[in-house]
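For the record, the sequence lines run as chains A and B.
Quick note on the working numbering: the first sequence kicks off at 206 and runs consecutively.
Quick note on the working numbering: the second sequence kicks off at 23 and runs consecutively.
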Amino acid sequence: MAQTRGESDRLAEQAAIWLVQLRGDDPAARARAEQAFAAWKALDPRHAQAAASLEAVVEQVEGVRHSAAGNPRPAHAALDAVFKDARRRRRAVRQRIGGVLVLALALAVPVGLAVSEGAVADLWADVRSSETDWVSRTLPDGTRITLSGRTAIDLKYDPQQRTVRLLRGDIRVDVAKDARRPFYVETPVARIRALGTRFAVSHDGGGTGLEMFESRVSVQTLADPQASTVVQAGERLQLTRRGVGPIEGLDAERVEQGWQHRQLVLNDRPLPEVLAQLARHRPGGIRFDADQLQALRVSAVLPLDKPDEALQLLSTIFPELRLRTLAGRWVWVDIATDHAKN
Amino acid sequence: MSAAGSPWQQQMHTLYDEHHGWLFAWLRRKLGSPENAADLAQDTFVRIIASRDALLGVREPRAFLVTTAQRLLIDQARRQAIEVAYLRELGMAVEQLGGAPSPEHLLDTLQALTQIERALDGLPAKPRQAFLLHYLDGETHGFIAEQLGVSTRMIQKYLVQALLHCHRQRGA
């Protein structure tokens with residue numbers, strides 16, 4: 206007894222209408238629908254089958270709500286994240302078709318051309334590394350680049366210029382000399398022009414960090430593309446959507462050695478920045494509220510290849526920090542506000 | 023193991039022998055990590071084997087392999103986006119929940135969310151919002167109508183549309 210496609214669609218639609226009426230706002234109408242639905246299901250096994258298949262859809266969604274003790278927010282946030290990402294992707298494609306030229310004309314320097322920050326965008330990156338990897342490459346011009354942790358870059362080399370687009374993560378570059386082709390690192394918020402050789406750049410949702418080891422670079426931000434800032438060896442600074450942060454001192458030699466030994470060498474850095482960097486080296490990431498931890502500043506040397514040990518070390522430095530682990534994969538870091546409660 | 027068997031099996035063997043190494047190298051370049059590349063190359067063949075008839079008439083086997091692998095990568099990225107967002111919110115809610123859920127329970131939930139996301143994929147925004155507000159948040163038809171600025175009847179239409187969409191996606 207083969208069922209035609211049209212017929213099964215019709216039955217499914219009927220069942221869906223019943224299910225929706227069962228959950229209407231009017232109690233009397235709900236009671237009537239319940240009786241009528243039961244009668245309809247009893248009429249034919251195919252009706253009951255169609256009903257069961259649609260009820261399974263509803264049950265799965267309701268099951269997810271109950272999974273967080275009746276709090277639907279986590280599930281809602283999770284689904285929103287994906288659908289928002291899908292919208293952004295479509296928008297990014299449209300921008301690339303129509304918008305690039307306009308944007309390029311609007312800014313004196315086309316800084317960070319519509320680089321999307323979504324995880325999906327990373328998939329198409331030219332070179333990627335993952336949590337436990339360090340990837341070193343020699344680029345066609347002889348420039349050496351190292352990617353550490355969850356990092357993605359795109360390369361754009363042409364006869365006029367050499368550009369590394371940092372989509373996310375941490376890189377260290379040792380730029381080869383080429384008088385005719387300037388070398389740039391672009392992030393979604395800034396463009397860094399190498400005037401000399403060795404430096405490191407990191408980027409995540411919070412912004413771009415720049416650490417100079419040797420010689421100088423000139424920096425422009427999307428916030429103020431007309432202005433440029435020169436950063437010297439032994440200096441570091443933070444670049445955000447709002448512009449250029451203050452220039453701070455850096456122990457260039459030790460930090461650069463850290464890159465060789467897979468260590469994070471920190472001198473008075475805000476904890477959220479440190480956790481974000483550490484999170485890129487830890488499968489499963491690290492979850493924290495940046496605002497809550499902003500006041501804590503870290504001076505330490507942390508092992509990037511052993512992120513869990515690094516976290517333990519941080520909790521020794523800051524006894525008020527609370528680490529909670531789930532299944533060895535997920536970690537939450539926050540400040541235990543109420544010790545008596547636990 | 024002999025390569026003899028159905029023509030399909032032979033085709034599969036040929037595909038594997040001739041292109042597995044190439045696919046692994048391609049993915050390794052793309053992903054940067056040899057372990058991830060090996061896993062993904064394996065998953066790509068598993069997916070092709072699972073959908074048996076997909077091989078017929080494939081003229082560009084490498085393009086076909088890359089498309090399949092990229093689809094897997096997108097699935098992976100969406101799963102990750104779900105995981106990150108869910109756990110971020112859950113972490114904030116853990117206090118009120120009185121203890122964290124068990125890992126098994128958590129994995130089940132993440133898997134269910136991935137399936138729900140796939141079922142809702144392609145549905146226009148308003149029916150999707152109505153569906154989630156009703157079945158996930160437990161809001162009434164009247165309340166959702168107010169939120170979305172349409173009539174209660176329209177909400178019921180949206181819900182029917184969403185249920186049917188999920189039903190078809192799951193069947194597909």
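No residue lacks a Cβ here, since even glycine has one placed at the ideal position from N, Cα and C.
Who pairs with residue i in a beta bridge, going by DSSP?
i: Leu-371 (chain A); result: A:Ile-358
i: Leu-389 (chain A); result: It should be noted that the sequence gives Tyr, not Leu, for residue 389 (chain A). A:Thr-368, A:Arg-398, per the DSSP bridge assignment.
i: Thr-426 (chain A); result: A:Ala-395
i: Pro-125 (chain B); result: For Pro-125 (chain B), which the question treats as bridged, DSSP gives no partner whatsoever.
i: Ile-540 (chain A); result: A:Leu-526
i: Gln-468 (chain A); result: A:Pro-508
i: Val-435 (chain A); result: A:Ser-423
i: Arg-502 (chain A); result: A:Pro-475
i: Ser-341 (chain A); result: A:Thr-351
i: Gln-443 (chain A); result: A:Gly-414
i: Leu-531 (chain A); result: A:Trp-535
i: Ile-376 (chain A); result: A:Leu-352, A:Val-406
i: Ser-334 (chain A); result: A:Thr-356
i: Arg-459 (chain A); result: Looking at the DSSP assignment, Arg-459 (chain A) forms no beta bridge with any residue, so it has no partner.
i: Phe-493 (chain A); result: A:Val-538
i: Gly-454 (chain A); result: A:Glu-440
i: Gly-448 (chain A); result: A:Thr-445
Looking at C-alpha atoms only, which residue of the options is the closest neighbour of residue i?
i: Gly-463 (chain A); options: A:Leu-509, A:His-271, A:Val-422; result: A:Leu-509
i: His-35 (chain B); options: B:Phe-46, B:Ala-47, B:Ile-70, B:Ser-55; result: B:Ile-70
i: Leu-480 (chain A); options: A:Gln-366, A:Gly-354, A:Asp-331; result: A:Gly-354
i: Arg-474 (chain A); options: A:Arg-502, A:Glu-453, A:Asp-494; result: A:Arg-502
i: Val-332 (chain A); options: B:Leu-95, B:Thr-131, B:Leu-53; result: B:Leu-53
i: Gly-43 (chain B); options: B:Gln-191, B:Ala-59, B:Trp-30, B:Ser-55; result: B:Ala-59
i: His-163 (chain B); options: A:Leu-227, A:Leu-519, A:Ser-213; result: A:Leu-227
i: Ala-147 (chain B); options: A:Val-287, A:Lys-361, A:Arg-370; result: A:Val-287
i: Glu-212 (chain A); options: A:Gln-265, A:Arg-251, A:Pro-232; result: A:Arg-251
i: Glu-264 (chain A); options: B:Pro-29, B:Leu-158, B:Val-106; result: B:Leu-158
i: Phe-191 (chain B); options: B:Glu-82, B:Arg-150, B:Ala-141, B:Asp-97; result: As written in the sequence, residue 191 (chain B) is Gln, which differs from the Phe given in the question. Gln-191 (chain B) has its Cα closest to that of B:Ala-141, out of B:Glu-82, B:Arg-150, B:Ala-141, B:Asp-97.
i: Gln-482 (chain A); options: A:Asp-496, A:Leu-259, A:Ala-515, A:Ala-432; result: A:Ala-515
i: Ala-500 (chain A); options: A:Asp-513, A:Arg-487, A:Gln-517, A:Phe-523; result: A:Phe-523
i: Val-266 (chain A); options: B:Leu-186, B:Gln-137, B:Pro-149, B:Ser-124; result: B:Gln-137
i: Gly-268 (chain A); options: B:His-41, B:Gln-98, B:Leu-37, B:Ala-134; result: B:Ala-134
i: His-486 (chain A); options: A:Phe-404, A:Leu-360, A:Arg-373; result: A:Arg-373
i: Gln-365 (chain A); options: A:Asp-383, A:Glu-260, A:Gln-465, A:Thr-413; result: A:Asp-383
i: Arg-441 (chain A); options: A:Ser-433, A:Pro-451, A:Arg-447; result: A:Pro-451
i: Ile-491 (chain A); options: A:Gln-517, A:Arg-349, A:Val-422; result: A:Gln-517
i: Asp-359 (chain A); options: A:Glu-391, A:Asp-338, A:Thr-343, A:Ser-341; result: A:Glu-391
i: Ala-280 (chain A); options: B:Ala-47, B:Glu-139, B:Glu-168, B:Gln-33; result: B:Glu-139
Going along chain A in order, which residues have a C-beta closer than 7 Å to the C-beta of residue i?
i: Thr-131 (chain B); result: Val-269, Ser-272
i: Glu-82 (chain B); result: Per Cβ cutoff of 7 Å: no residues; Glu-82 (chain B) is ~20 Å from chain A at best.
i: Pro-146 (chain B); result: Those within 7 Å of Pro-146 (chain B) in chain A number zero; the least Cβ separation is about 11 Å.
i: Thr-162 (chain B); result: Asp-230
i: Gln-33 (chain B); result: Chain A residues near Gln-33 (chain B): none, gap ~29 Å exceeds 7 Å.
Since residue i and residue j are thought to touch, with beta carbons under 8 Å apart, how far apart are those beta carbons, to the nearest angstrom?
i: Arg-110 (chain B); j: Ala-282 (chain A); result: 7 Å
i: Leu-155 (chain B); j: Glu-161 (chain B); result: 5 Å
i: Arg-527 (chain A); j: Gly-489 (chain A); result: About 18 Å separates the two Cβ atoms, so there is no contact after all.
i: Leu-476 (chain A); j: Leu-498 (chain A); result: 5 Å
i: Val-538 (chain A); j: Phe-493 (chain A); result: 4 Å
i: Ala-255 (chain A); j: Leu-216 (chain A); result: 4 Å
i: Leu-129 (chain B); j: Leu-531 (chain A); result: Contact doesn't hold; Cβ gap of about 11 Å is too wide.
Can you check whether the C-beta of residue i is within less than 7 Å of a C-beta belonging to chain C?
i: Ala-134 (chain B); result: Among the protein chains in the structure shown, which are A and B, there is no chain C.
Closer than 9 Å by beta-carbon distance: list the chain B residues that pair up with residue i, in chain order.
i: Leu-352 (chain A); result: Gly-54
i: Val-503 (chain A); result: None at all; the shortest Cβ gap to chain B is about 21 Å.
i: Gly-448 (chain A); result: Within 9 Å Cβ-Cβ: nothing; Gly-448 (chain A) doesn't reach chain B, min ~28 Å.
i: Gln-468 (chain A); result: Chain B residues near Gln-468 (chain A): none, gap ~21 Å exceeds 9 Å.
i: Val-378 (chain A); result: Residues of chain B passing the Cβ test: none, with the nearest at roughly 16 Å.
i: Val-369 (chain A); result: By Cβ distance, chain B contributes nothing, its closest Cβ being about 14 Å from Val-369 (chain A), past 9 Å.
Which chain B residues are close to residue i, counting only those with a beta carbon under 7 Å from its beta carbon?
i: Ser-258 (chain A); result: His-189
i: Ile-222 (chain A); result: Val-182
i: Leu-248 (chain A); result: By Cβ distance, chain B contributes nothing, its closest Cβ being about 20 Å from Leu-248 (chain A), past 7 Å.
i: Ala-236 (chain A); result: Here the premise fails: no neighbours, minimum Cβ distance about 16 Å.
i: Gln-497 (chain A); result: Residues of chain B passing the Cβ test: none, with the nearest at roughly 11 Å.
i: Val-340 (chain A); result: Gly-54
Under 8 Å Cβ-Cβ, which residues of chain A neighbour residue i?
i: Asp-61 (chain B); result: Neighbours of Asp-61 (chain B) on chain A: none; closest Cβ ~11 Å, over 8 Å.
i: Asp-159 (chain B); result: Arg-270, Pro-277, His-281
Which bits of chain A does residue i rub up against, with CB to CB less than 9 Å?
i: Glu-168 (chain B); result: Within chain A, no residue comes near Glu-168 (chain B); the closest Cβ sits about 12 Å away, beyond 9 Å.
i: Leu-128 (chain B); result: Ser-272, Leu-531, Ala-532, Trp-535
i: Val-106 (chain B); result: Ala-283, Ala-286, Ala-324, Gly-490, Arg-492
i: Gln-64 (chain B); result: The premise fails here: Gln-64 (chain B) is roughly 17 Å from chain A at the closest Cβ pair, so nothing lies under 9 Å.
Under 8 Å Cβ-Cβ, which residues of chain B neighbour residue i?
i: Glu-218 (chain A); result: Val-182, Leu-186
i: Arg-492 (chain A); result: Leu-109, Arg-110, Gly-113
i: Val-262 (chain A); result: Ala-141, Leu-185, Cys-188, His-189, Arg-192
i: Gln-265 (chain A); result: Ala-134, Gln-137, Ile-138
Please find out if some non-hydrogen atom of the ligand MN comes closer than 6 Å to the beta-carbon of residue i.
i: Asp-429 (chain A); result: What this structure holds is no ligand at all, so the ligand MN is not there to describe.
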